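*Asks:* Residue numbers (this note's numbering), protein chains in the order written: chain A, 9 to 327; chain B, 9 to 327. The structure under discussion is supplied below as structure tokens; questions concerning it will follow.
There are 2 protein chains.
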Amino acid sequence: MRIGVDVQGGDFAPQAVLDGVKLFLTENNKAAETTLYLFGNKRIIDNYIAENNLGGYNFVVIASENDIEMAESPTRAIATKRKSSIVQGIVYHQNGEIDAFLSAGNTGALLAGVMSTVKPINGILRPCISSPMPKFDGTYGVLLDVGLNADCKPEYLEQFAILGAIYAKEVQNVENPKVALLNIGEEPEKGNLLTKATHKLLKDNPHINFIGNLEPNYLFCKHEADVIVSDGFTGNIALKEAESIYKLIKERGVKDDFFEIFNYENYGGTSILGIDATVLIGHGHSSPVAIKNLILHAIEIAESHVRESFKEFFANATN
Amino acid sequence: MRIGVDVQGGDFAPQAVLDGVKLFLTENNKAAETTLYLFGNKRIIDNYIAENNLGGYNFVVIASENDIEMAESPTRAIATKRKSSIVQGIVYHQNGEIDAFLSAGNTGALLAGVMSTVKPINGILRPCISSPMPKFDGTYGVLLDVGLNADCKPEYLEQFAILGAIYAKEVQNVENPKVALLNIGEEPEKGNLLTKATHKLLKDNPHINFIGNLEPNYLFCKHEADVIVSDGFTGNIALKEAESIYKLIKERGVKDDFFEIFNYENYGGTSILGIDATVLIGHGHSSPVAIKNLILHAIEIAESHVRESFKEFFANATN
């Protein structure tokens with residue numbers, strides 16, 4: 009696999025990203041069969057490689073210039089900074105020179121860049137982003153959308169359910185994934201206009217193994233859901249509140265490794281689902297461990313048949 | 009103060025409610041100056057009073073019949089069960105015979121009963137319910153709406169901000185309360201259609217000390233907000249997820265009393281804001297301690313000037 013890494017992206021870039029690259033190259037057995045494409049400041053990368061004696065590993069350096077800052081206006085940055093690490097990474101991926109691209113940089117710019125160059129898979133109304141959601145038994149469900157579509161129609165959520173179920177099957181090896189709708193009551197008639205209408209669509213869709221509404225007071229309990237469906241606003245609220253829990257646990261100095269399931273570093277970030285590309289978004293605060301795990305997550309997705317399964321399902325659905 | 013208590017309401021009623029009443033009567037120094045109006049099965053209440061030697065305390069028993077079950081259809085129950093504890097409690101309050109009424113019973117029935125008999129305060133578009141939200145420093149902010157209005161317009165949220173600020177001032181003694189908008193980004197242009205429009209209203213309203221958006225990853229950190237504004241769907245999601253945190257902490261056996269700030273028993277429930285009555289909704293699972301604290305919370309609100317301040321503000325606002 010050829011994985012593109014935005015070395016300039018993230019609050020602690022390029023240092024944290026390069027440290028993450030080093031962790032991957034030197035400690036992971038996937039490194040031998042992977043070529044990393046490092047998009048970033050060539051001088052800094054070359055120095056790092058030399059200082060850390062990484063010359064013998066599988067990587068290619070693609071020099072970037074005029075990189076996109078974290079706080080920049082996304083669309084303008086994408087339009088004007090064609091030599092930046094983000095734009096070059098997207099172009100490389102689009103040209104088939106890499107199998108996946110990941111960045112912990114300016115999320116808006118990454119999304120603007122991807123959405124303006126990569127089309128949604130035929131039949132998909134709205135691509136979305138997903139996140140693992142920890143459960144009490146130490147496993148993860150997948151929550152989607154977690155932020156790409158703040159305002160949704162019921163039909164979008166119906167498709168998120170399909171995307172999530174295919175993702176759970178192809179990437180997480182869950183057979184016949186159980187799908188729940190994030191909602192404020194158990195009963196079908198509970199919720200806002202969006203969730204009430206969505207409940208009906210999910211229940212009536214023969215391709216969805218729908219198990220009903222999931223209330224967030226059971227989110228971290230032993231619930232049955234493999235896939236949790238939500239609009240992007242509510243999903244982002246739920247995801248960020250979970251992050252707050254982890255911060256609080258750390259600040260209180262709780263000594264229980266169980267709570268590490270809430271640590272985003274375990275998975276590093278999220279992939280954009282529903283587009284004809286494999287692009288992953290890292291957390292802005294990404295640490296070296298998070299970057300290493302994001303690279304592994306990118307390999308896992310690139311090796312899976314998730315994109316082909318999306319295409320196949322929606323080609324049949326629209327025929 | 010004369011506080012009405014629905015003895016038949018809650019998953020563990022009447023036992024847990026009567027135990028809560030006993031805790032209040034025997035342990036709290038507010039008991040001497042308070043008369044409890046106990047709405048419920050007279051035989052059961054009388055037996056309890058006799059068995060627990062509570063005869064000398066300040067209470068009145070109002071016999072109810074045909075009480076409303078937790079799972080009953082709210083509107084039908086309210087229309088047909090006129091002798092139930094909930095309906096009688098609301099009628100007593102409406103007639104000025106009690107200063108507040110509280111129930112941990114069928115929330116839908118309580119709301120249907122209150123909303124069909126008690127009018128919103130003049131000028132208030134939508135009454136709402138609020139909940140304390142714990143902060144890292146051990147204090148509480150107030151979050152509203154937490155479930156009464158699943159679908160909102162920006163103007164509703166603008167009023168929730170006013171209601172929350174008056175509540176924080178009159179009940180929690182916070183001077184010039186700081187108001188934040190629960191949202192998925194810090195910047196004004198972030199969010200869904202509702203929060204983007206609401207942000208502008210809050211910023212432009214001279215009666216609101218608006219400090220900007222609050223992202224849920226900072227919800228339990230040392231943020232500045234005294235009042236957190238949200239639509240009822242999102243607020244309910246955030247509240248229930250916080251409940252899930254507490255459950256998880258308990259299940260993992262974490263020994264840190266700090267996390268007791270997440271225990272709903274501390275405040276017992278929430279009052280309906282914006283109506284011309286003092287009605288409090290307890291948690292369905294209410295324990296005796298929760299009931300006792302709900303009675304104390306009812307006294308606190310009934311003793312405050314919060315309703316008068318609501319009326320005064322909205323009378324001036326509509327002139």
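The beta carbon of each residue, even a glycine, is placed where N, CA and C say it ideally should be. For clarity, every value in this text was computed on a predicted model and none was experimentally measured.
Taking 8 Å as the threshold (C-beta atoms), are B:V237 and B:A176 in contact?
*Replies:* On the second sequence, residue 176 of chain B is found 168 positions in, with the first residue counted as 1. On the second sequence, residue 237 of chain B is found 229 positions in, with the first residue counted as 1. Contact flag unset, no.
*Asks:* Pick helix, strand or coil for B:I216, following the three-state DSSP scheme.
*Replies:* The residue labelled residue 216 of chain B in the question sits at position 208 within the second sequence. Three-state DSSP puts B:I216 in coil, outside helix and strand.
*Asks:* When the distance is taken between beta carbons, is B:A112 closer than 8 Å to B:G292?
*Replies:* One-based indexing of the second sequence puts residue 292 of chain B at position 284. One-based indexing of the second sequence puts residue 112 of chain B at position 104. Contact flag set, yes.
*Asks:* Judging by CA-CA distance, which residue of A:P142, A:M141, A:K127 is the nearest neighbour of A:P135?
*Replies:* By one-based count along the first sequence, residue 135 of chain A stands at place 127. Closest option to A:P135, Cα to Cα, is A:K127.
*Asks:* So, with DSSP's three-state summary, where would you put A:D14?
*Replies:* In the first sequence, residue 14 of chain A corresponds to position 6, counting from 1. Strand at A:D14.
*Asks:* Would you grab the beta carbon distance between A:G12 and A:Y45 for me? Rounded to a whole angstrom, and I think it's under 8 Å.
*Replies:* Here residue 12 of chain A refers to the residue found at position 4 of the first sequence. Here residue 45 of chain A refers to the residue found at position 37 of the first sequence. About 4 Å; that satisfies the 8 Å criterion.
*Asks:* If we count Cβ pairs, one from each stretch, closer than 8 Å, do we get three or more for the stretch 302-312 of chain A versus the stretch 34-45 of chain B?
*Replies:* Flag = no, the stretch 302-312 of chain A and the stretch 34-45 of chain B do not touch.
*Asks:* Which residues bound the beta strand (DSSP E) around B:P224?
*Replies:* Position 216 of the second sequence, counted from the start, is the residue given in the question as residue 224 of chain B. Element bounds for B:P224: n/a, residue is neither H nor E.
*Asks:* In whole angstroms, give me the CA-to-CA distance for A:A39 and A:L26.
*Replies:* For the purposes of this step, residue 39 of chain A is identified with residue 31 of the first sequence, where counting begins at 1. For the purposes of this step, residue 26 of chain A is identified with residue 18 of the first sequence, where counting begins at 1. Cα to Cα, the separation comes out at about 15 Å.
*Asks:* What residue from B:V297, B:A246, B:K211 has the CA that sits closest to B:E197's CA?
*Replies:* As a working note, residue 197 of chain B is residue 189 in the second sequence. Minimum Cα distance to B:E197 is reached at B:K211.
*Asks:* For B:L201, decide whether its Cβ has a neighbour in chain A, counting only Cβ atoms nearer than 8 Å.
*Replies:* On the second sequence, position 193 is the one that residue 201 of chain B refers to. Closer than 8 Å: yes.
*Asks:* Comparing alpha-carbon positions, which option in B:K161, B:I257, B:L165, B:D159 lies nearest B:L151?
*Replies:* The count along the second sequence starts at 1 and reaches residue 151 of chain B at position 143. If we check each option's Cα against that of B:L151, B:L165 comes out closest.
*Asks:* For A:V122, which residues of its own chain have a beta-carbon under 7 Å away from its beta-carbon, when the five flanking residues on both sides are left out?
*Replies:* Start at 1 with the first residue of the first sequence, and residue 122 of chain A comes out as number 114. Excluding positions up to five away in sequence, the list reads I98, I280, I283, A285, V287.
*Asks:* Quick check on this structure: which residue in A:S72, A:A169, A:Y272, A:I170 has the alpha carbon closest to the alpha carbon of A:P364?
*Replies:* Because residue 364 of chain A is not part of the residues shown, which for chain A are 9 to 327, the question remains open.
*Asks:* Taking the alpha helix (DSSP H) that B:S111 belongs to, which residues open and close that run?
*Replies:* Taking the second sequence and counting its residues from 1, the one referred to as residue 111 of chain B is at position 103. Segment 108-111 is the beta strand (DSSP E) holding B:S111; no alpha helix (DSSP H) there.
*Asks:* Specify the secondary structure class of A:F47 as computed by DSSP and reduced to three states.
*Replies:* In the first sequence, residue 47 of chain A corresponds to position 39, counting from 1. Strand.
*Asks:* From B:C160 to A:I216, what distance separates their C-alpha atoms?
*Replies:* Locating residue 160 of chain B in the second sequence gives position 152, counting from the first residue. Locating residue 216 of chain A in the first sequence gives position 208, counting from the first residue. If I take the Cα positions, the gap works out to 30 Å.
*Asks:* State the DSSP-derived secondary structure class of B:T278, mapped to helix, strand or coil.
*Replies:* Locating residue 278 of chain B in the second sequence gives position 270, where the first residue counts as 1. In this structure, B:T278 counts as strand in the three-state DSSP scheme.
*Asks:* Do you know offhand how far B:Y56's Cα is from A:G261's?
*Replies:* Translated into positions along the second sequence, residue 56 of chain B becomes position 48. Translated into positions along the first sequence, residue 261 of chain A becomes position 253. Distance between the alpha carbons of B:Y56 and A:G261: 45 Å.
*Asks:* One question on the structure: do A:V15 and A:A21 come within less than 8 Å of each other, judged by their Cβ atoms?
*Replies:* Sequence index remark: in the first sequence, residue 15 of chain A carries index 7 (1-based). Sequence index remark: in the first sequence, residue 21 of chain A carries index 13 (1-based). Yes, these two residues count as a Cβ contact at 8 Å.
*Asks:* Out of B:I174, B:E195, B:I245, B:I299, which one is the CA nearest neighbour of B:V187?
*Replies:* Here residue 187 of chain B is taken as the residue at index 179 of the second sequence, counted from 1. It is B:I174.
*Asks:* Would A:T242 pass as a contact of A:L190 if the rule is Cβ separation under 8 Å?
*Replies:* Taking the first sequence and counting its residues from 1, the one referred to as residue 242 of chain A is at position 234. Taking the first sequence and counting its residues from 1, the one referred to as residue 190 of chain A is at position 182. Yes, the Cβ-Cβ distance between A:T242 and A:L190 is below 8 Å.
*Asks:* Against chain A, with Cβ distances strictly below 8 Å, would B:C229 count as a contact?
*Replies:* By 1-based counting over the second sequence, the position of residue 229 of chain B is 221. Closer than 8 Å: yes.
*Asks:* Taking only runs that begin and end inside the stretch 54-82 of chain B, name each unbroken beta strand (DSSP E) of 3 or more residues, in chain order.
*Replies:* The stretch 54-82 of chain B contains these whole beta strand (DSSP E) runs: 67-71.
*Asks:* Is it right to say A:Q23 is buried, meaning 16 or more other beta carbons lie within 10 angstroms of its own, or is it exposed?
*Replies:* The residue labelled residue 23 of chain A in the question sits at position 15 within the first sequence. A:Q23 is exposed by the Cβ-count criterion.
*Asks:* Can you list, in chain order, the stretches of the beta strand (DSSP E) that have 3 or more residues and sit fully within the stretch 138-213 of chain B?
*Replies:* If we require 3 residues or more, the beta strand (DSSP E) runs fully inside the stretch 138-213 of chain B come out as 148-152, 187-190.
*Asks:* Is it buried or exposed for B:R315, if we count other Cβ within 10 angstroms and need 16 for buried?
*Replies:* Here residue 315 of chain B corresponds to residue number 307 of the second sequence, with the count starting at 1. Result: buried.
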